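Visitor: Per numbering that gives the first Met the number 0, the sequence shown starts with residue 0, numbered consecutively.
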Amino acid sequence: MLGNFIYYNPTKLYFGNQAAENLVNAISGYGKKVLLVYGGGSIKTNGIYDTVVNALKAAGKDFTEVSGVMPNPTLEKVKEGVAVARSCDADLILAVGGGSTIDYAKAVSASTWYDGDAWENFWVKQNEPAPDQRIIPVGAVLTLSGTGSEMNGGSVITDEETKMKLGKVFGYRLYPQFAILNPEFTFSLPKNQMVAGMFDIMSHILEQYFSGDDDSTSDYISEGLMRSLIASSRVAIKDPKNYEARSNIMWIATWALNTLIGKGKTQDWEVHMIAHAIGAYTHATHGMALAGVSGAYYKFIMKAAQARLARFARVVWDVPADGKTEEDLAAAGVAALEAWIKEIGAASNISVLGVTEDMIEDIANATLLGGGYKTLTRDDVIQILKASL
Ligand code: NZQ
Ligand code: ZN
Numbered sequence: 000m001l002g003n004f005i006y007y008n009p010t011k012l013y014f015g016n017q018a019a020e021n022l023v024n025a026i027s028g029y030g031k032k033v034l035l036v037y038g039g040g041s042i043k044t045n046g047i048y049d050t051v052v053n054a055l056k057a058a059g060k061d062f063t064e065v066s067g068v069m070p071n072p073t074l075e076k077v078k079e080g081v082a083v084a085r086s087c088d089a090d091l092i093l094a095v096g097g098g099s100t101i102d103y104a105k106a107v108s109a110s111t112w113y114d115g116d117a118w119e120n121f122w123v124k125q126n127e128p129a130p131d132q133r134i135i136p137v138g139a140v141l142t143l144s145g146t147g148s149e150m151n152g153g154s155v156i157t158d159e160e161t162k163m164k165l166g167k168v169f170g171y172r173l174y175p176q177f178a179i180l181n182p183e184f185t186f187s188l189p190k191n192q193m194v195a196g197m198f199d200i201m202s203h204i205l206e207q208y209f210s211g212d213d214d215s216t217s218d219y220i221s222e223g224l225m226r227s228l229i230a231s232s233r234v235a236i237k238d239p240k241n242y243e244a245r246s247n248i249m250w251i252a253t254w255a256l257n258t259l260i261g262k263g264k265t266q267d268w269e270v271h272m273i274a275h276a277i278g279a280y281t282h283a284t285h286g287m288a289l290a291g292v293s294g295a296y297y298k299f300i301m302k303a304a305q306a307r308l309a310r311f312a313r314v315v316w317d318v319p320a321d322g323k324t325e326e327d328l329a330a331a332g333v334a335a336l337e338a339w340i341k342e343i344g345a346a347s348n349i350s351v352l353g354v355t356e357d358m359i360e361d362i363a364n365a366t367l368l369g370g371g372y373k374t375l376t377r378d379d380v381i382q383i384l385k386a387s388l
């Protein structure tokens, strides 16, 4: 375990099929005015809206709603939320939904009392809000397991005008102060969203696992999380209402991206950077965009990441090592990942997401970061995208 780091996480989690009973208590410590944000209406058909509204009433809150937060939330929509948050002078933003809604709540929180151009300052320049800037606390009721947004500072927003989908990882003040994690709240998800969430979780773990060569506890935790995810995914695909599997998946998702397994690791997040650029051009579902490029990406970094891929094959996928070279094992690791993508029904390529050859030059302007086993160039991204079609 190398490196120096701080581990701290301010989010209080309430987990289990009775988690929502804690909502009244969780919101009681904040002021009277709540901004309730949610997506396109799934919470109205599955009953979660009623549960939340009853809790708001029981806690004696006045609430104002912003609905219609879309998957891959847009800057335009953030501006709408900022205007509402200002006019109702919200004391708490309660996000009820998946990663898009929770990311959105953080974006509105950071932007409402910032006087300049919030997009430029937080997402383009990656600045933090000044210590004396007012931040509206965010709380979350999670309805989709995948992003980890319920316990992190991430907020991914798309500017449709410039076709930029950018993530800002805010500091602790923007983490949800509490999150209600009831696995049953995910039962109503359409299968493709459940699957996209599963692959998103896998990709978060992989982005952190594929770096470093020391004997790191983070890697052992990551391997355990991946093994549990694979086992639970196989149950959930056949039996989506299996509580044990869905609750494991929800818990894995949270730990995959609440900073724990990234400790002591350098990270490049290149699959995410490419997938975000794909999302900006196609509005593709996030987890599907990740799946669509992952096979080609891990083949591309195979030489540089050979030892780690070989370990991935042995420990995560139980590929027998006997008689195999490290190179054989590394290839088997990528093959196992690709087979799992097919098995769960995630996207095996990016053509199915609407990416065409003529978009590749634009998508290749994805942000490139160093840190993993192979620092990519723009030409490398073009090759990966072509191989993903
Ligand atoms: O809008 P509604 O009607 O609620 O429908 C949503 C939406 O259409 C639906 N849904 C959610 N819960 C449901 C449900 N439908 C039925 N029953 C339920 N219980 O699912 C659709 C997708 O929801 P969304 O919130 O967009 O999905 P997800 O949680 O995958 O979030 C994706 C967004 O998070 C960002 C992605 O880039 C993308 O913008 N990410 C955020 C991260 C973070 N904060 O750290 C990291 C991730 O890597 C990711 O980039
Ligand atoms: Zn992701």
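Ideal Cβ positions, reconstructed from N, Cα and C, are used throughout, including at glycine.
The structure displayed is predicted, hence computed values, not measured ones.
Does the Cβ of S86 lie closer than 7 Å to at least one heavy atom of ligand 1?
Guide: No, the beta carbon of S86 sits no closer than 7 Å to any heavy atom of ligand 1.
Visitor: Going by DSSP in three states, G223 sits in which element: helix, strand or coil?
Guide: G223 falls in the helix class under three-state DSSP.
Visitor: Looking only at its own chain, which residues have a Cβ that is under 8 Å from the Cβ of Y372, when we skip the five neighbours before and after it?
Guide: The answer, listed in chain order, is F209, S210, I300, A303, A304, R307.
Visitor: Between the alpha carbons of L35 and V140, how many angstroms are there, rounded?
Guide: Their Cα atoms are separated by approximately 11 Å.
Visitor: Tell me the rounded alpha-carbon separation between V81 and V107.
Guide: Spanning the two alpha carbons is a distance of roughly 5 Å.
Visitor: Between E159 and Y280, what straight-line distance do the alpha-carbon atoms span, to the nearest angstrom?
Guide: Looking at the two C-alpha atoms, the distance is approximately 9 Å.
Visitor: Please confirm whether P9 and Y171 have their CB atoms less than 8 Å apart.
Guide: The answer is yes: Cβ separation under 8 Å.
Visitor: Among I229, L93, A295, D267, which has the Cα closest to the Cα of A252?
Guide: With distances taken between Cα atoms, A252 lies closest to I229.
Visitor: Taking K190 and F121 to be in contact with their CB atoms under 8 Å, please state how far apart those CB atoms are, rounded to whole angstroms.
Guide: About 35 Å; that fails the 8 Å criterion.
Visitor: Taking its Cβ as the centre, do 16 or more other Cβ atoms sit within 10 Å of V194, making it buried, or is it exposed?
Guide: Buried, by the Cβ-count rule.
Visitor: Kindly indicate which residue of G38, T63, I42, S41 has the alpha-carbon position closest to the one of K32.
Guide: Among G38, T63, I42, S41, the Cα nearest to that of K32 is on T63.
Visitor: Got a sec? Which residues, its chain only, sit under 6 Å from G30 by beta carbon, not counting five neighbours each side?
Guide: These residues qualify, in order along the chain: D90.
Visitor: Let's see if you can read the secondary structure: which residues bound the alpha helix (DSSP H) around F177?
Guide: No alpha helix (DSSP H) contains F177, which is instead part of the beta strand (DSSP E) from 177-180.
Visitor: Going by DSSP, which residues form a beta bridge with T185?
Guide: DSSP output for T185 lists no bridge partner at all.
Visitor: With three or more C-beta pairs closer than 8 Å as the rule, is the stretch 269-280 touching the stretch 352-372?
Guide: At 8 Å Cβ cutoff, the stretches touch.
Visitor: Could you say if the stretch 313-324 and the stretch 342-353 meet the contact criterion of at least three C-beta pairs nearer than 8 Å?
Guide: Flag = no, the stretch 313-324 and the stretch 342-353 do not touch.
Visitor: Please report the distance separating the alpha-carbon of V270 from that of A58.
Guide: When rounded, the distance between both Cα atoms is 43 Å.
Visitor: Would you grab the beta carbon distance between P130 and Y113 for me? Rounded to a whole angstrom, and I think it's under 8 Å.
Guide: Not quite, the Cβ-Cβ distance comes to about 13 Å (not below 8 Å), so this is no contact.
Visitor: Considering only residues of the same chain and omitting the five flanking positions on each side of R313, which have a CB-CB separation below 7 Å?
Guide: Counting only Cβ-Cβ distances below 7 Å, and skipping sequence neighbours, we find A320, L328.
Visitor: Who are the near neighbours of S215 in its chain, counting only those whose CB is closer than 6 Å to its CB and skipping five residues on each side?
Guide: Contacts found: M0, G263.
Visitor: Below 8 Å between beta carbons: does that hold for A363 and V380?
Guide: Cβ distance < 8 Å, so A363 and V380 count as in contact.
Visitor: Taking 7 Å as the cut-off, does the CB of D267 come closer than this to any heavy atom belonging to ligand 2?
Guide: No, since every heavy atom of ligand 2 falls outside the 7 Å radius drawn around the Cβ of D267.
Visitor: Since I believe V137 is in contact with I179 (beta carbons under 8 Å), could you give me their beta-carbon distance rounded to a whole number of angstroms?
Guide: Contact flag wrong, Cβ pair sits at about 13 Å.
Visitor: Report the start-end ranges of each beta strand (DSSP E) in the stretch 88-170 that is 3 residues or longer and not cut off at the edges.
Guide: Here the runs fully enclosed are 91-96, 137-141, 153-158, 163-168.
Visitor: Could you say which of Q176, L384, C87, M69 lies nearest to D61 if we only look at CA atoms?
Guide: Ranking the options by Cα distance to D61, first place goes to C87.
Visitor: Look at the Cβ atom of G286, then the Cβ atom of F311, and state whether they are nearer than 8 Å.
Guide: Their beta carbons are not under 8 Å apart, which means G286 does not touch F311 by this criterion.
Visitor: Tell me the residue span of the alpha helix (DSSP H) that contains V315.
Guide: Taken as a continuous stretch (DSSP letters only), V315 belongs to no alpha helix (DSSP H), as it is neither H nor E.
Visitor: Report the residue ranges of all alpha helix (DSSP H) runs contained in full by the stretch 19-95; include only those spanning at least 4 residues, in chain order.
Guide: The stretch 19-95 contains these whole alpha helix (DSSP H) runs: 22-27, 41-44, 47-57, 74-87.
Visitor: Secondary structure at F198, three-state DSSP: helix, strand or coil?
Guide: DSSP places F198 in helix when its eight states are reduced to three.
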